[in-house]
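Notes for the one structure printed next.
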Amino acid sequence: MKIKSYFNFKNYKILFLNLTVAAIAILWFIPTLALLISSFRNQNEIYSSGWWNFLIDSRSFTFDNYKSVILHKGIGTAFVNSLIITGPAVLLTVLLSAMAAFPLAFLKINGSRIIILTIVALQAVPIQITLIPVLKMLNSLGLGGSFPAVWLAHTAYGIPFSVYLLRNFFISVPFSLIEAAMIDGANRAHIFFKIVLPLSLPAIASLAIFQFLWVWNDLLVALAYLGGSENVAPLTVKMASMKGSLESGWHIMAASAFISMVLPLAIFLFFQRYFISGITAGAVKQ
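Residue numbers (my numbering): 11 to 296.
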């Protein structure tokens, strides 16, 4: 009887969790659906009726909003700028963080605990208090208002969390593999590139997704270090400037917002298996 009651309780618990997850998914999906539908409606339709009316009467369906934002509002150029900013910033962060996490995980370094505590503490430092000093330094190097300035800034801001995440995953890699490779004559570079990195692909993929979403959706760092120039402005900066324009109504903003969502959403859905396994893998020490 007790066993039967336990299984009934377990089934109710699973059902409750499933319903909770479904409710959260619906709460996230409805605004996204509303944004998508609004991006295909004209300005008059948006102001005169709710987005759900499109499900009943779809005669106002139009691609003019997307044509306008891509060809005339500069969103196409801003999209390319976002790719130029995000790609190197993600690659630099992942590579440098992996190279820093490797010795902290496998090598005996004096003061390694202090280094790890410092890395954790740096995650609590607000970015806002570093903007002016870093901007002055970049300007003195002649990098102000350029893509390399944002690459370096995002890499520096992302390294503390990235090193902490990768180090926790690296220590779950069986040390017997490292010892076997060392006995066979492999040097540290060979161990790092041929053994540790291939075994850490889930963690690296999850880190790359984290960094990609952070850089792609960033407004503050891009606005501070690029100076608001139209030639190098990413999507976030361009959309912020469009918001204050009288020529950009809700139909234009909806189309621009959905364009900015497409790539991050596609990347997350495509790599979600690696993302989940990478986040949970370092939680249990083997």
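We put the CB at the ideal spot given by N, CA and C, even for glycine.
Check	Outcome
Return the Cβ separation of Asn75 and Ala191 in integer angstroms, given the expectation that the two are a contact with Cβ distance under 8 Å.	Not really, about 56 Å apart at Cβ, beyond 8 Å.
Among Ser78, Leu176 and Ala32, which has the Cα closest to the Cα of Gly259?	Ser78
Run the CB neighbour count on Lys204, radius 10 Å, all protein chains shown included, and call it buried at 16 or more, exposed below.	exposed
Looking at C-alpha atoms only, which residue of Ala163, Ser150, Phe112 and His164 is the closest neighbour of Ile214?	Phe112
Counting only runs that start and end within the stretch 216 to 250, where is the alpha helix (DSSP H) found for 4 or more residues in a row?	230 to 236
Count the other C-beta atoms from every protein chain shown that fall within 10 angstroms of the C-beta of Gln282, then say buried if there are 16 or more, exposed otherwise.	exposed
Give every residue of the same chain whose Cβ lies closer than 8 Å to the Cβ of Gln138, excluding the five residues on either side of it in the sequence, and list them in chain order.	Leu230
Quick check on the DSSP output: what are the complete alpha helix (DSSP H) runs of length 4 or more inside the stretch 36 to 71, in order along the chain?	53 to 58
Would the beta-carbon of Leu45 fall within 8 Å of that of Ala276?	no
Pairing CB atoms from the stretch 232 to 244 with CB atoms from the stretch 85 to 98, are three or more of them under 8 Å?	yes
Would you kindly work out how many angstroms separate the C-alpha atoms of Gly97 and Val160, rounded to a whole number?	11 Å
Look at the alpha carbon of Val104 and the alpha carbon of Leu176, and state the distance between them as a whole number of angstroms.	9 Å
Alpha carbon to alpha carbon, how far is Gly195 from Ser156? Give it in angstroms, no decimals.	44 Å
Mapping the DSSP letters down to three states, classify Ile270 as helix, strand or coil.	The sequence as given places Ser at residue 270; Ile does not occur at that position. The answer is helix: DSSP assigns Ser270 an H, G or I state.
Helix, strand or coil for Leu8, going by three-state DSSP, please let me know.	There is simply no residue 8 to check, as the chain begins at 11 and stops at 296 in what is shown.
Let me confirm a value: Ser270 is counted as buried when at least 16 other C-beta atoms fall within 10 Å, else exposed. Which label applies?	buried
Using three-state DSSP, classify Pro212 as helix, strand or coil.	helix
Using 10 angstroms around the beta-carbon of His200, count the other beta-carbons present and answer buried if the total reaches 16, otherwise exposed.	exposed
Report the rounded CA-to-CA distance for Phe222 versus Ser172, giving the unit in angstroms.	12 Å
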